[in-house]
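S.K.: Supplied in C-alpha cells, the structure appears directly below.
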Amino acid sequence: MVRSVKLKTRIIISFFIIILEPLICTAAAFWGFSQYQLKMLEKQYGIENATYESLSNTAEVINNMTNDIEMELRNIAQNTPGKFESLEYLAQVNEELKEMHSYLLVRKEDQVTYYGCEAYPSELVKRLPGYSDKNTDSGISNNDGFYLGGHLQSLVKQINFKTEDKTEGSVFIISNIFKTLPQIEELIRSMMVTAVLILIVTGLVLTWWIYRGVIAPLDKLRTATQKIKEGNLDFSIVPEGVSEISDLCRDFEEMRYRLKETSEEKIQFDKENKELISNISHDLKTPITAIKGYVEGIMDGVANTPEKMDKYIHTIYNKANDMDRLINELTFYSKMDTNRIPYTFNKISVTEFFDDCAEELGMELESKGVHFTYSNYVEPDVVVIADAEQIKRVINNITSNSIKYMDSTRERRINLRVKDVGDFIQAEIEDNGKGIAAKDLPNIFDRFYRTDASRNSSKGGSGIGLSIVKKIMEDHGGKVWATSKENIGTVMYFVLRKYQEVPINE
124 MVRSVKLKTR
134 IIISFFIIIL
144 EPLICTAAAF
154 WGFSQYQLKM
164 LEKQYGIENA
174 TYESLSNTAE
184 VINNMTNDIE
194 MELRNIAQNT
204 PGKFESLEYL
214 AQVNEELKEM
224 HSYLLVRKED
234 QVTYYGCEAY
244 PSELVKRLPG
254 YSDKNTDSGI
264 SNNDGFYLGG
274 HLQSLVKQIN
284 FKTEDKTEGS
294 VFIISNIFKT
304 LPQIEELIRS
314 MMVTAVLILI
324 VTGLVLTWWI
334 YRGVIAPLDK
344 LRTATQKIKE
354 GNLDFSIVPE
364 GVSEISDLCR
374 DFEEMRYRLK
384 ETSEEKIQFD
394 KENKELISNI
404 SHDLKTPITA
414 IKGYVEGIMD
424 GVANTPEKMD
434 KYIHTIYNKA
444 NDMDRLINEL
454 TFYSKMDTNR
464 IPYTFNKISV
474 TEFFDDCAEE
484 LGMELESKGV
494 HFTYSNYVEP
504 DVVVIADAEQ
514 IKRVINNITS
524 NSIKYMDSTR
534 ERRINLRVKD
544 VGDFIQAEIE
554 DNGKGIAAKD
564 LPNIFDRFYR
574 TDASRNSSKG
584 GSGIGLSIVK
594 KIMEDHGGKV
604 WATSKENIGT
614 VMYFVLRKYQ
624 EVPINE
C-alpha cells in the first residue's frame with residue numbers, strides 16, 4: 124500500500140516547484156525562442172553564425188541592414204553623383220532607411236542640402252566629419268562606419284562624392300542604434316507571454332495538487348460531519364489526501380463506525396428493554412391474577428373445607444414464588460448488564476456440591492410431577508473454584524427452562540449427570556421435552572431469544588434465563604452449550620475447570 128505524502132513534504136515540494144519549475148521552463152522557452160530569432164536574423168539581415176550577442180548588439184545588426192543601400196550609394200557616388208541632387212530619389216532612399224531605423228543626410232561643401240529626419244539634427248551636423256576625413260575626433264570610425272557617442276548614440280556611414288563642377292559632398296546614413304529590432308521585440312513579447320503562462324500553469328497545477336491532497340478531503344470530512352449531525356451514519360469515508368489528512372479520515376471513519384455500532388446497540392438495547400418489560404409484565408400478571416382469584420375464593424368462602432383451603436394457600440404460595448423468581452431474575456439481569464454481579468468464589472467439592480443440588484432439585488421436581496435421576500462419575504477429592512450460589516442458579520435456570528417446554532401429555536423426565544473430562548468437570552442436564560430446532564439451537568443463549576415454539580403466551584418466561592446461564596459460566600472461565608433432537612429431548616452441557624494445586628519448588 125502506497126502511503127500518502129505528508130503535508131510538510133508536500134509544502135516543501137511545492138516550494139521548490141514554485142522556484143525551480145518556472146525558471147527551468149522559462150530558460151527552455153528562452154532558448155527555443157532565441158534560436159528561432161537568431162535564424163531569422165541570419166535569414167533577414169545576412170548575419171552569419173548569429174549569436175546571442177547579435178540580439179543585443181543593435182549596431183551590428185543595423186550596420187548589416189544598411190549595407191545594401193550603402194553599396195548602392197557608393198556606386199552612384201562613383202558613376203552618377205548628380206543623382207544626389209534629385210530630391211525624389213533621396214526621398215525614396217530615405218523611406219527605405221526608415222524601415223531600418225535610419226535616415227539620409229546629404230551635405231555639399233558645408234551646406235546640408237537634404238536631411239531625412241523630422242527635426243533638423245543641428246548638433247549631429249556639427250559633429251559630422253569633413254569630406255576627406257578618415258578619422259575624426261568627433262567619433263570612432265571603422266570600415267563599417269563610425270559611432271557618435273554622447274546623447275546622440277548614432278551609427279554613421281559616410282560616402283564622399285564630387286559633382287561635375289568639382290563640388291565636394293558627402294552622403295551620410297545615420298542609424299539610431301537604440302531602436303529595438305523587431306526580432307528582439309518579438310522575443311521579449313514571447314518571453315513575457317510564456318513566463319505568464321508558465322506561472323499560471325504552475326499555480327493551477329500546485330493549487331490542484333494541494334486541493335486534491337488537503338482541501339478536497341477536508342470538504343468530504345465537513346460533509347460527513349454534517350451527515351453525522353443530521354443523524355445519518357450510513358456512509359463511509361475513504362482515506363485520501365496527504366498523510367495527516369488521510370490518518371484523520373481513517374480515524375473519522377473508525378469513529379463513524381463506532382458511533383453506528385453504538386447507535387445500533389442502543390436501538391437493540393431499547394428494543395430488548397421494551398421486550399423485557401413486556402415479558403415481565405406478562406409473567407407477573409399471570410401469577411397476580413391467579414393469586415387474586417384464589418384470595419377472592421377464600422374471601423367468598425369457596426374454600427369451605429380444610430383440604431380446599433390448603434390447596435388454595437399452597438397455590439398462592441407457588442405463584443408468589445414464581446413472582447419472586449421473576450423479580451430475582453430481573454434484578455440479576457440488571458446487575459449482569461452493568462457487570463456488577465456479586466460473585467463469591469470458593470473451593471467447592473464437586474461431589475458434595477452436586478449431591479446437595481440433586482437432593483434439593485429432586486424434591487422440587489417431584490412436587491411438579493417430574494421424574495428425576497442423578498449420576499455422579501467424579502472422584503470425591505475433585506475440587507473447583509466457583510460461586511456455589513451462582514452455579515445453583517445455572518442449574519435451576521436450565522431445569523426451569525426444560526420443565527416449561529415439556530409435553531404434559533407424557534411422562535416428564537430430567538437427568539443430571541456429572542463427569543470428569545480431564546482438566547474440567549462436565550455437567551449434563553437432559554430432558555425429554557419437545558426439543559429445539561437446528562436453526563434455533565445456536566441462538567438459545569442470546570438475550571431475549573425465543574424459539575417459535577416458546578412464543579405461546581402460556582409458556583411465559585422473560586427470555587433472559589439462558590443468557591444469564593451463559594454469562595455466569597463465562598465469568599467462571601467455563602462454557603455452556605446444548606444438543607437437541609426435536610420430539611426427543613435436549614441436553615444442556617456446562618463445564619468448570621478443576622482446581623489444581625501448583626507445587627512450589629523449594
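Numbering (the numbering used here) for the sequence shown: 124 to 629. Backbone N, C-alpha and C fix where the C-beta goes; we use that ideal spot for every residue, glycine too. Note that the coordinates shown come from a computational prediction; the quantities given were computed from them, not determined experimentally.
The alpha helix (DSSP H) spanning M596 covers which residue range?
M.R.: 588 to 598
S.K.: Extract the residue ranges of the alpha helix (DSSP H) inside the stretch 472 to 504, only unbroken runs of 4 or more that lie entirely within it.
M.R.: Listed in chain order, they are 473 to 490.
S.K.: On a Cα-Cα basis, can you pick out the residue from Q201, N538, E218 that is closest to E291?
M.R.: For E291, the nearest C-alpha among the options comes from Q201.
S.K.: Just tell me which of K434, I521, M314 has its CA closest to the CA of S157.
M.R.: With distances taken between Cα atoms, S157 lies closest to M314.
S.K.: Could you say which of N451, F358, I591 lies nearest to D569 if we only look at CA atoms?
M.R.: I591
S.K.: Kindly confirm or deny that the stretch 431 to 446 and the stretch 470 to 486 touch, where touching means at least three C-beta pairs closer than 8 Å.
M.R.: no
S.K.: What residue range is occupied by the uninterrupted beta strand (DSSP E) comprising V517?
M.R.: Taken as a continuous stretch (DSSP letters only), V517 belongs to no beta strand (DSSP E), being part of the alpha helix (DSSP H) at 511 to 527.
S.K.: Excluding the 5 residues preceding and the 5 following F139 in the sequence, name in chain order all residues of the same chain whose CB lies nearer than 6 Å to its CB.
M.R.: none
S.K.: CA-CA distance, V184 and I282?
M.R.: 20 Å
S.K.: According to DSSP, I552 sits in a beta bridge with which residue or residues?
M.R.: L539, M615
S.K.: Should E553 and V501 be called a contact, given that it needs their Cβ atoms to be closer than 7 Å?
M.R.: no
S.K.: Using only the alpha-carbon positions, how far apart do E551 and I508 sit?
M.R.: 19 Å
S.K.: Starting from the C-beta of L631, find all residues in its chain whose C-beta is less than 6 Å away, skip the five residues before and the five after it, and write them out in chain order.
M.R.: Any question about residue 631 goes unanswered here, given that the chain covers just 124 to 629.
S.K.: What does DSSP give as the partner residue(s) for F675 in the beta ladder?
M.R.: Lying before the first or after the last residue shown, residue 675 is absent from the chain, which here runs from 124 to 629.
S.K.: I'd like to confirm something about I518: is its beta-carbon nearer than 6 Å to some heavy atom of the ligand COA, or not?
M.R.: Questions concerning the ligand COA fall outside what the structure shown contains, since it holds no ligand whatsoever.
S.K.: Tell me, to the nearest whole angstrom, how far the beta carbon of V505 is from that of V473; I am working on the premise that it is less than 8 Å.
M.R.: 5 Å
S.K.: Are there three or more Cβ pairs, one per stretch, closer than 8 Å when the stretch 212 to 228 is compared with the stretch 317 to 334?
M.R.: no
S.K.: Over what stretch of residues does the alpha helix (DSSP H) that includes Q348 continue unbroken?
M.R.: Strictly speaking, residue 348 in this sequence is Thr, with Gln absent from that position. Run containing T348: 339 to 352, per the alpha helix (DSSP H) assignment.
S.K.: For V425, report the span of its beta strand (DSSP E) as first-last.
M.R.: The continuous stretches of beta strand (DSSP E) do not include V425, and DSSP gives it neither H nor E.
S.K.: Whole-angstrom Cβ separation of P145 and L322, contact assumed at under 8 Å?
M.R.: 6 Å
S.K.: Would you kindly work out how many angstroms separate the C-alpha atoms of E211 and Y226, rounded to a whole number?
M.R.: Cα-Cα distance, rounded: 15 Å.
S.K.: Going by Cα to Cα distance, which pick from H224, T317, N499 is closest to A150?
M.R.: Here the closest residue by C-alpha is T317.
S.K.: Select from E609, L564, G600 the residue whose C-alpha is nearest the C-alpha of L589.
M.R.: L564
S.K.: What does the alpha-carbon distance come out to for the pair V229 and Y238?
M.R.: 6 Å
S.K.: What did DSSP end up calling G558 once you bin it into helix, strand or coil?
M.R.: Of the three classes helix, strand and coil, the one that applies to G558 here is coil, per DSSP.
S.K.: Go through its chain and collect everything with a Cβ distance to G420's Cβ below 8 Å, but skip five positions before and after it.
M.R.: A426, Y435
S.K.: Could you spell out where the beta strand (DSSP E) holding Q623 opens and where it closes?
M.R.: It is not in any beta strand (DSSP E) - Q623 carries neither H nor E in the DSSP assignment.
S.K.: Which residues share a DSSP beta bridge with N469?
M.R.: A509
S.K.: Counting C-beta neighbours from all protein chains within 10 Å, is the total for I548 16 or more, i.e. buried, or is it exposed?
M.R.: Buried, since its Cβ has 16 or more Cβ neighbours within 10 Å.
S.K.: So the beta strand (DSSP E) K608 belongs to, where does it begin and stop?
M.R.: 602 to 608
S.K.: For T189, count neighbouring Cβ atoms within 10 angstroms of its own Cβ and tell me buried if that reaches 16, exposed if not.
M.R.: buried
S.K.: Determine the burial state of Q215: buried for a count of at least 16 other Cβ atoms within 10 Å of its Cβ, exposed for fewer.
M.R.: exposed
S.K.: Work out the CA separation of D357 and K383 for me, nearest whole Å.
M.R.: 8 Å
S.K.: For a quick check, are the C-beta atoms of G268 and K280 less than 7 Å apart?
M.R.: yes
S.K.: Do you know offhand how far V517's Cα is from Y456's?
M.R.: 13 Å
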